[in-house]
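Count along the sequence shown from 1, add 22, and you get the number used in my numbering.
Glycine residues also receive a C-beta, built at the ideal position from the N, C-alpha and C atoms.
Structure, as structure tokens:
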Amino acid sequence: MASKAELVVEVKSPADKLWAALRDSTELFPKIFPEQYKSIETVEGDGKSAGTVRLLKYTEGVPMLTFAKEKVELADDEKRVVTYSVVDGELVSFYKNFKVTLQVSPAKEGGGAVVSWAMEFDKASEQVPEPDAIRETAAKTFHDLDDYLLKN
């Protein structure tokens, strides 16, 4: 049975601006987060729609991971939601299933946005730890991306 880890992050950037940056993460993230990503490239598809496969290469600063391949399962720009599965890389040896759904909504007050992030996963074994580090990295990424967008 799949387990779930969830996260809700409030940011100051407008929802449309944050969504556009997340959708452009193939180009943007290696520039903004060089301590995490060596590169991100599209290996199948157009880079944004369902069926797209991206190869993420991590730096030595990322513990236990060198690369991941993500497959976009769903992408809806109108609803600002994307779902992707990790299909290759070290994470596959820890988690049999690893699917993330990310949605960006306008905040109710103040003009910012709310990021809802949910990860469904099945551990490969009982020895695999809960994905707390992955959730913490996601939260940091959203906050750091917000800081970048507010300055640029």
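Is it the case that the Cβ atoms of VAL179 and GLY73 are separated by a distance below 8 Å? This structure leaves residue 179 out entirely; the chain is present only between 23 and 174.
Taking all protein chains shown into account, do 16 or more other C-beta atoms lie within 10 angstroms of the C-beta of LEU96, making it buried, or fewer, making it exposed? The residue given as residue 96 occupies position 74 in the sequence shown. With fewer than 16 other CB atoms across the displayed protein chains lying within 10 angstroms of its CB, LEU96 is exposed.
Span of the alpha helix (DSSP H) around ARG76: What you label residue 76 is simply residue 54 of the sequence shown in a count that begins at 1. Not the alpha helix (DSSP H): ARG76 falls in the beta strand (DSSP E), residues 75 to 80.
Please confirm whether LEU77 and ALA160 have their CB atoms less than 8 Å apart. The residue labelled residue 77 in the question sits at position 55 within the sequence shown. The residue labelled residue 160 in the question sits at position 138 within the sequence shown. Against a cut-off of 8 Å, the Cβ pair of ALA160 and LEU77 comes out as no contact.
From the DSSP output, read off the bridge partner residues of MET141. Along the sequence shown, read from residue 1 onward, the residue named residue 141 stands at position 119. Bridge partners of MET141 according to DSSP: ALA27 and VAL122.
To test your reading of the DSSP string, which unbroken beta strand (DSSP E) runs of 3 or more residues are found completely within the segment 45 to 72? Runs of the beta strand (DSSP E) lying entirely within the segment 45 to 72, each at least 3 residues long, are 59 to 66 in chain order.
What separation, rounded to the nearest whole angstrom, lies between the Cα atoms of SER115 and GLY132? As a working mapping, residue 115 is identified with position 93 in the sequence shown. As a working mapping, residue 132 is identified with position 110 in the sequence shown. About 42 Å.
If distances are taken between C-alpha atoms only, which option among GLU148, GLU100 and GLU82 comes closest to ALA42? For the purposes of this step, residue 42 is taken as residue 20 along the sequence shown, with counting starting at 1. Of the candidates GLU148, GLU100 and GLU82, the residue whose Cα lies closest to the Cα of ALA42 is GLU100.
Can you tell which of LYS118, PRO52 and GLU66 has the C-alpha that lies nearest to the C-alpha of GLU148? Along the sequence shown, one-based indexing puts residue 148 at 126. The candidate whose alpha carbon is nearest that of GLU148 is LYS118.
Nearest-angstrom Cβ-Cβ length linking PHE121 and SER107, presumed shorter than 8 Å: Along the sequence shown, one-based indexing puts residue 121 at 99. Along the sequence shown, one-based indexing puts residue 107 at 85. For the sequence presented, residue 121 should be read as Lys rather than Phe. Distance from LYS121 to SER107 at the Cβ level is roughly 5 Å; contact confirmed, criterion being Cβ atoms closer than 8 Å.
Do the CB positions of GLY134 and VAL31 come within less than 8 Å of each other? Residue numbering aside, residue 134 sits at position 112 when the sequence shown is read from its first letter. Residue numbering aside, residue 31 sits at position 9 when the sequence shown is read from its first letter. Cβ distance not < 8 Å, so GLY134 and VAL31 don't count as in contact.
With distance defined between alpha-carbon atoms, name the residue in LEU113, VAL84, GLU82 and LYS173 nearest to GLU92. Mapped onto the sequence shown, residue 92 falls at position 70. Closest by C-alpha distance to GLU92, out of LEU113, VAL84, GLU82 and LYS173, is LEU113.
Got a sec? Which residues, its chain only, sit under 6 Å from GLU63 by beta carbon, not counting five neighbours each side? Along the sequence shown, read from residue 1 onward, the residue named residue 63 stands at position 41. Within the same chain, GLU63 has close Cβ partners LEU77.
By the three-class DSSP mapping on this structure, what secondary structure does VAL114 have? In the sequence shown, the residue the question calls residue 114 occupies position 92. Here DSSP, grouped into helix, strand and coil, assigns VAL114 to helix.
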